[in-house]
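Have a look at the structure below, then the notes.
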Amino acid sequence: MAFSLRKIIRAIFYSIRFRVFIIMAVVAVAISSVFLFISHLETKTTRAISQLAYIDELKLLISDYYWYSVKGSTEEDTKKLHIKSQLLLDKEGSVYKFATQSSEEPYLSGVSDINELFLMVQQAGRINDSYQLERLVIQSQQYPKISTYNALTSLTGAGIQSMVVNRSLLITILVGTLILAFIFLQIIAARIGMISNTTHMLIGQEDQLDVSIRPRFYANDETRIIIDNLNLFLSRIENSISLTYMSLRKMLYQTNKMNDESEGGQLEIQVIQDSTERIFRQIHHQIGSISEAAAALEEMERTLDMIFINISRQSAAMTQSAATLEEMGRQVEGIAGIATDTSNLAVKLTEAANKGNEAVEASVVSIRDVAEYSTQIIKLLKLITDIAKQTNLLAMNASIEAAHAGEAGRGFAIVAEEIRRLSETTNKNAKEIRTVVDTMVEKIENSVSQAHTAGEDLLQINEYANNVEDRISQLNNMMQEQNTATHEMIGTIEGLVTLAQEIKLSMEEQKHGLHEYSTTISMLRENFTDTKSSLDSHKSSIDNLLRIMEDVNIRIELNKKQMETIVTFIRYFKINPEYIVSENAIEQEQEQEFINIKTSEIVR
Numbered sequence: 001m002a003f004s005l006r007k008i009i010r011a012i013f014y015s016i017r018f019r020v021f022i023i024m025a026v027v028a029v030a031i032s033s034v035f036l037f038i039s040h041l042e043t044k045t046t047r048a049i050s051q052l053a054y055i056d057e058l059k060l061l062i063s064d065y066y067w068y069s070v071k072g073s074t075e076e077d078t079k080k081l082h083i084k085s086q087l088l089l090d091k092e093g094s095v096y097k098f099a100t101q102s103s104e105e106p107y108l109s110g111v112s113d114i115n116e117l118f119l120m121v122q123q124a125g126r127i128n129d130s131y132q133l134e135r136l137v138i139q140s141q142q143y144p145k146i147s148t149y150n151a152l153t154s155l156t157g158a159g160i161q162s163m164v165v166n167r168s169l170l171i172t173i174l175v176g177t178l179i180l181a182f183i184f185l186q187i188i189a190a191r192i193g194m195i196s197n198t199t200h201m202l203i204g205q206e207d208q209l210d211v212s213i214r215p216r217f218y219a220n221d222e223t224r225i226i227i228d229n230l231n232l233f234l235s236r237i238e239n240s241i242s243l244t245y246m247s248l249r250k251m252l253y254q255t256n257k258m259n260d261e262s263e264g265g266q267l268e269i270q271v272i273q274d275s276t277e278r279i280f281r282q283i284h285h286q287i288g289s290i291s292e293a294a295a296a297l298e299e300m301e302r303t304l305d306m307i308f309i310n311i312s313r314q315s316a317a318m319t320q321s322a323a324t325l326e327e328m329g330r331q332v333e334g335i336a337g338i339a340t341d342t343s344n345l346a347v348k349l350t351e352a353a354n355k356g357n358e359a360v361e362a363s364v365v366s367i368r369d370v371a372e373y374s375t376q377i378i379k380l381l382k383l384i385t386d387i388a389k390q391t392n393l394l395a396m397n398a399s400i401e402a403a404h405a406g407e408a409g410r411g412f413a414i415v416a417e418e419i420r421r422l423s424e425t426t427n428k429n430a431k432e433i434r435t436v437v438d439t440m441v442e443k444i445e446n447s448v449s450q451a452h453t454a455g456e457d458l459l460q461i462n463e464y465a466n467n468v469e470d471r472i473s474q475l476n477n478m479m480q481e482q483n484t485a486t487h488e489m490i491g492t493i494e495g496l497v498t499l500a501q502e503i504k505l506s507m508e509e510q511k512h513g514l515h516e517y518s519t520t521i522s523m524l525r526e527n528f529t530d531t532k533s534s535l536d537s538h539k540s541s542i543d544n545l546l547r548i549m550e551d552v553n554i555r556i557e558l559n560k561k562q563m564e565t566i567v568t569f570i571r572y573f574k575i576n577p578e579y580i581v582s583e584n585a586i587e588q589e590q591e592q593e594f595i596n597i598k599t600s601e602i603v604r
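UniProt numbering numbers the first residue of the sequence shown as 1 and each following residue consecutively.
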């Protein structure tokens with residue numbers, strides 16, 4: 001405790017601030033004492049001067065009373081004097097009104113004179129006789145008394161002289177204070193210069209901060225504390241910089257290793273990606289092949305189904321064909337009988353066709369006669385039409401002539417009009433008859449053509465009947481042969497039906513085997529599809545991993561650049577070489593740490 005107190009007292013004693021404080025306190029006390037003394041002297045001097053001035057004012061007031069009395073004062077003048085007197089008594093004289101003479105306070109020497117003058121002023125205010133006022137004026141001129149005047153004058157002179165001396169002393173103190181302040185400023189400047197030299201030593205001459213130096217300072221003041229704190233700060237800075245530099249070098253080494261391993265991992269991931277791509281393409285190709293095989297199996301299964309259905313249908317059809325052939329045999333026998341009857345009918349048809357041909361020829365002759373008659377009718381109709389036209393012209397001429405005859409020809413005009421109408425009607429009827437006759441002639445020609453056609457058809461029927469008779473004979477022979485062949489075909493069809501049943505059973509077995517094979521192919525396709533989906537996910541993961549590795553490489557490069565920048569910045573600080581470790585030592589240390597971590601993981 002005593003040591004700490006002594007250390008504190010010593011620190012205070014050697015402190016520049018304490019020294020400056022002591023000097024400033026002494027100067028402040030001296031200046032304050034001088035100012036207090038000067039203020040006290042100024043107060044005494046001011047009061048002495050004010051007493052002399054106040055005595056003069058009171059004497060002047062008594063003289064005013066006298067002069068107003070001699071001149072004959074008005075009420076207003078008297079009022080002004082009373083007001084002035086009251087002001088002097090109340091305001092300015094209140095300080096001295098009840099004061100008494102004291103030898104200890106010489107600046108109050110004129111108080112008795114002022115009190116006597118107060119009484120004279122009051123008496124002058126009550127007196128109206130100018131003679132008495134004159135006596136008061138003469139009596140007031142005896143003030144201030146000689147002793148009072150001498151006392152106040154000596155006090156004023158001594159005060160002024162003391163004020164001059166004290167002001168000189170104050171100036172001397174101020175000059176001394178400035179000199180001491182200059183001396184202390186020089187001392188402080190010297191300390192600051194030492195600190196400045198220390199900072200220049202830190203900066204160095206190679207644009208480096210030399211934090212390895214430790215400045216020495218032997219003063220026992222604040223600058224020693226500053227230098228000690230600066231040395232402690234430099235030690236901590238150097239330690240931090242060395243640790244940071246070592247950590248950055250280790251991080252840079254690990255970053256380079258990470259970059260190399262990341263690039264190797266990226267290459268391996270690229271190889272895995274290429275292998276995955278090849279496997280993906282092969283699986284895609286296998287899925288396509290399996291899909292084609294499945295489609296082919298489905299098509300084969302559908303084909304077998306169709307073949308099975310067709311065989312079933314053919315078996316049924318062959319069974320039905322056998323029955324049909326048996327029925328056909330019976331029908332062939334019936335057809336043979338019908339063919340014999342048809343042959344007889346063909347003979348009769350030939351005879352009827354010959355008779356029909358003769359009748360058609362007779363009808364053609366009659367129709368041609370009707371056609372000639374129709375031609376003559378057309379000629380007559382043409383003649384009638386010509387007559388009607390001539391009659392129409394004559395009727396028109398008659399109408400014209402009747403119009404020329406006037407009233408006399410009106411009846412003739414009516415007859416002519418009727419004749420014209422009759423002519424038009426006749427012409428119209430002739431045209432209609434002509435149309436009917438033309439139609440009839442056309443139909444007659446058609447009938448002739450049809451009659452010729454019918455004759456030709458009858459001739460062809462005759463030929464066909466003869467041919468039918470021959471064909472029926474041939475058909476009868478063929479029917480007999482067909483009946484024999486039908487019995488043979490029935491036997492063959494029965495054998496085919498048996499064979500179709502056997503093929504049907506074999507097809508059912510093949511269909512069952514194809515169905516199982518199709519199921520296996522479908523399962524295989526589903527497995528390959530699942531594998532493809534897994535490879536898709538794996539491929540996406542590899543792509544994402546590759547992108548992440550690329551981003552990691554970019555960030556590693558950025559971190560490497562940032563660390564190189566920081567290392568470059570740290571190299572601006574010059575530190576103690578014993579803190580610097582070689583690259584080989586760093587590499588060995590990092591490799592040993594890596595081996596220790598791997599070993600601990602394996603043990604865990």
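Ideal Cβ positions, reconstructed from N, Cα and C, are used throughout, including at glycine.
This one's a predicted model, so the numbers in the text were calculated from it and none came from an experiment.
- When Cβ pairs closer than 8 Å are counted between the two stretches, the segment 543-560 is seen not to touch the segment 236-248, the count staying below three.
- Taking C-alpha positions only, Asn477 is separated from Asn467 by approximately 16 Å.
- Note on geometry: alpha-carbon atoms of Lys428 and Lys379 lie some 16 Å from one another.
- Between the alpha carbons of Val121 and Leu58 lies a gap of roughly 7 Å.
- In the DSSP assignment, Tyr131 falls within the unbroken alpha helix (DSSP H) covering 130-140.
- In the three-state reduction of the DSSP assignment, Ile127 falls in the coil class.
- In this structure, Asp536 is the residue among Glu557, Ile597, Leu234, Asp536 with its C-alpha nearest to the C-alpha of Ile279.
- The three-state secondary structure of Tyr143, taken from DSSP, is coil.
- Apart from sequence neighbours up to five positions away, no residue of its chain approaches Thr599 with a beta-carbon distance below 6 Å.
- Around the CB of Ala124, 16 or more other CB atoms lie within 10 Å, so the residue is classed as buried.
- For the 9 Å CB-CB criterion, Leu174 and Ile62 do not form a contact.
- Straight-line spacing of the CA atoms in Glu601 and Gln254 works out to 19 Å.
- Sorting Asp129, Gln139, Asn128 by C-alpha distance to the C-alpha of Leu117 places Gln139 at the top.
- Between the alpha carbons of Asn446 and Thr453 lies a gap of roughly 10 Å.
- Around the C-beta of Val137, 16 or more other C-beta atoms lie within 10 Å, and the residue is accordingly described as buried.
- Excluding residues up to 5 positions away in sequence, Arg420, Ser423, Glu424, Asn427 lie with their Cβ nearer than 8 Å to the Cβ of Asn392 in the same chain.
- The Cβ-Cβ distance between Tyr54 and Ile127 does not fall below 9 Å.
- For the pair Ile83 and Arg135, the Cα-to-Cα distance works out to about 23 Å.
- Apart from sequence neighbours up to five positions away, the residues of its chain that approach Met396 with a beta-carbon distance below 7 Å are Arg420, ordered along the chain.
- Annotation: Ala25 to Thr172 spans about 16 Å, alpha carbon to alpha carbon.
- Taking the Cα positions, Phe184 is about 28 Å away from Phe233.
- Rounded to the nearest angstrom, the gap between the Cα atoms of Phe182 and Met251 is 56 Å.
- In this structure, the beta-carbon distance from Asn559 to Glu263 does not fall below 9 Å.
- Within a 10 Å sphere around the beta-carbon of Ile179 sit fewer than 16 other beta-carbons, which makes this residue exposed.
- When the beta-carbon positions are compared, Ile556 and Met258 come within less than 9 Å of each other.
- Residues Ile542 of the same chain have their beta carbon placed closer than 8 Å to that of Ile272, with the five preceding and five following residues left out of the count.
- Out of Ile433, Glu550, Asn229, Gln480, the CA that lies nearest to the CA of Thr385 is found in Ile433.
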